[in-house]
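Report on the following structure.
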Amino acid sequence: DFGNSALAVPSDNPFLNVQSGHYWSSTTKASGTTKAWSLDMSSGHTYSDFTKTNSCHVWPVRDGN
Numbered sequence: 355d356f357g358n359s360a361l362a363v364p365s366d367n368p369f370l371n372v373q374s375g376h377y378w379s380s381t382t383k384a385s386g387t388t389k390a391w392s393l394d395m396s397s398g399h400t401y402s403d404f405t406k407t408n409s410c411h412v413w414p415v416r417d418g419n
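Anchor point for the sequence shown: position 4 equals 358 in this note's numbering, and the numbering is continuous, going up by one each time.
Okay, structure coming up:
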């Protein structure tokens, strides 16, 4: 939600303890294997240039089966 300034999730989201800051994705940058995609929960923007040695939050997920 780009209308939020501190946390880019809707106020009625079903998740608990969402932190502002960067969360890792599982996707490595195609043009540089030392970097990966991340999502900044403070702004809602995605980035493809985060070096994998940086410290970021994780959001564990599993399939619905």
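Backbone N, C-alpha and C fix where the C-beta goes; we use that ideal spot for every residue, glycine too.
DSSP links residue 369 through a beta bridge to no other residue.
Distance from the CA of residue 391 to the CA of residue 365, rounded to the nearest whole angstrom, comes to 25 Å. A straight-line Cα-Cα distance of about 8 Å links residue 361 and residue 375.
With respect to residue 395, residue 415 sits apart: the two C-beta atoms are not nearer than 8 Å. By the neighbour-count criterion, in which 16 or more other beta carbons inside 10 Å mark a residue as buried, residue 393 falls on the buried side.
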